[in-house]
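What follows is a set of notes on a single structure, which appears directly below.
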DNA sequence: TGATTGACCAACT
DNA sequence: CAGTTGGCCAATC
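In my numbering, the protein residues as written are 5 to 121.
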């Protein structure tokens, strides 16, 4: 494991989110380690625009499935548009059937960790 | 170098 | 049931 920065670790997970799926800040933080907090994930997203790669931050929402950071996409409705572009319905800044689209890295990447070993 | 902040979460009052 | 507080840790002022 290269000494990736905290940001890059978060980006790696976000980039692994499949099409039409979403995850939460807390889940990513929990996957990175119990010592990490969800705030760090949000911080990484804020600086995601500085990252050379495109970070699909629109696939990351808070625990309630609400588009908390929609304003950081350069517009109040950009995030929703991106989600709807992936067949994800958004109503009142909240993802419809959020539980259905939820993609937990702690579970999905768990198999990948064992496989990678 | 100390203080502040931050796209969060959970518990407590 | 709504508002407040604490925690978590790194980056910025």
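Using N, Cα and C, we set each Cβ at its ideal position, and we do this for glycine too.
Given the structure is predicted, the values throughout are model-derived calculations rather than measurements.
Going by DSSP, residue 11 is part of the alpha helix (DSSP H) stretching over 10–19. Residue 95 sits in a strand when the DSSP states are folded into three classes. Take the alpha-carbon of residue 72 and the one of residue 65: they are about 7 Å apart.
Contact between residue 25 and residue 107 is confirmed by a C-beta separation of about 4 Å, below the 8 Å threshold. Distances from the alpha-carbon of residue 96 to those of 89, 90, 83 put 83 closest. Within the same chain, 29, 30, 33 come within 6 Å of residue 42 by CB-CB distance, once the 5 residues on both sides are set aside. Beta-bridge analysis with DSSP links residue 106 to 26.
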